[in-house]
Every structure is written in C-alpha cells, then in structure tokens.
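In my numbering, each residue's number is its place in the sequence shown (first place is 1) plus 127.
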Amino acid sequence: MIRFDGHLRSGVLPRKDVHHGEHGKKKKPRPRRSFTPEFKSEIVELCRRGDRSVGQVAKDFDLTETAVRLWVSHAEVDAGERDGLTSSEREELAALRRENRRLREDVEILKRATAFFAKETR
Numbered sequence: 128m129i130r131f132d133g134h135l136r137s138g139v140l141p142r143k144d145v146h147h148g149e150h151g152k153k154k155k156p157r158p159r160r161s162f163t164p165e166f167k168s169e170i171v172e173l174c175r176r177g178d179r180s181v182g183q184v185a186k187d188f189d190l191t192e193t194a195v196r197l198w199v200s201h202a203e204v205d206a207g208e209r210d211g212l213t214s215s216e217r218e219e220l221a222a223l224r225r226e227n228r229r230l231r232e233d234v235e236i237l238k239r240a241t242a243f244f245a246k247e248t249r
C-alpha cells in the first residue's frame with residue numbers, strides 16, 4: 128500500500144487550478160501558450176550565442192526555463208549534435224502510435240462483432 132505524507136494526511140487535496148507562489152500566496156497557473164517554429168529557433172539561437180544564459184533568455188521573453196532548455200535540446204538533436212529522435216521522427220512516432228491505437232480499437236470492435244454474430248447463427 129502506498130503511503131502519502133504532508134497535505135494528503137489531512138484528507139484535503141490541493142486545488143489543481145491554483146498554484147502556491149512565494150510566501151504561500153496563491154497565483155493562477157500560466158495559460159498554455161504555443162509558439163511558432165521561427166520564434167523557437169530565434170530563442171535557441173540567442174541561447175547558443177552565449178551572450179546570455181538560458182535562464183536569462185527565458186526571463187527576458189517571459190518563458191519557462193524548462194521550455195527553453197527543451198527547445199535547445201530538440202535543436203541539438205535535429206542538428207545531429209546530440210543523440211535522440213529528430214522532430215520529424217518524433218512526429219512520425221506520434222502519428223504511428225495514434226494509428227496503432229485506432230487499429231487496436233478496430234480489432235476489438237471486430238472481435239465483439241464476430242462473437243455477436245457467432246451467437247446469432249447457432
């Protein structure tokens with residue numbers, strides 16, 4: 128059995144729509160934003176130049192440091208500087224996984240239909 132500590136002991140779960148910032152003040156979560164590939168490339172280039180740290184670039188453009196580091200990492204993979212899946216390979220993998228999931232659902236439906244019609248013919 129899994130045991131939880133801290134806030135879960137009291138039986139009160141934290142609200143998912145509120146984050147706690149400095150000094151326990153509640154703040155709304157940042158809305159999910161999307162960025163163009165061109166914008167991401169510009170941010171990556173700023174980080175690669177070395178004039179500013181990843182943290183400083185993120186702060187200057189109101190981005191999370193985690194997102195900027197991920198963009199830099201993806202750019203390194205795409206450029207062959209680091210091992211891993213390129214962006215096009217990641218997209219293809221996601222598409223193949225979606226197709227695989229859909230085909231498995233189709234097979235399950237066909238199994239049920241076969242069983243149903245097999246009962247009717249008896």
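Cβ coordinates follow ideal geometry from the N, Cα and C atoms, glycine included.
All of these numbers come straight from a predicted model, not from anything done at the bench.
Where residue i sits in the DSSP three-state scheme
i: residue 155; result: coil
i: residue 187; result: helix
i: residue 178; result: coil
i: residue 245; result: helix
i: residue 210; result: coil
i: residue 193; result: helix
i: residue 161; result: coil
Contact check, residue i vs residue j, beta carbons under 8 Å
i: residue 181; j: residue 195; result: yes
i: residue 171; j: residue 221; result: no
i: residue 215; j: residue 209; result: no
Sequence-distant residues of its chain with Cβ nearer than 7 Å to residue i (five each side left out)
i: residue 159; result: none
i: residue 173; result: 179, 184
i: residue 188; result: 170
i: residue 191; result: 185
i: residue 213; result: 204, 205
i: residue 246; result: none
i: residue 229; result: none
CB-CB length for residue i against residue j, believed under 8 Å
i: residue 167; j: residue 198; result: 5 Å
6 Å Cβ shell around residue i - same chain, five flanking residues per side excluded
i: residue 239; result: none
Proximity test, residue i beta-carbon vs the ligand MN heavy atom, cut-off 7 Å
i: residue 205; result: As far as ligands go, the structure on display features none, and thus does not contain the ligand MN.
Checklist entry - Mind pulling the alpha helix (DSSP H) runs of 4 or more residues that sit fully within the stretch 212 to 236? => result Taking only runs of at least 4 residues, no alpha helix (DSSP H) segment lies wholly in the stretch 212 to 236.
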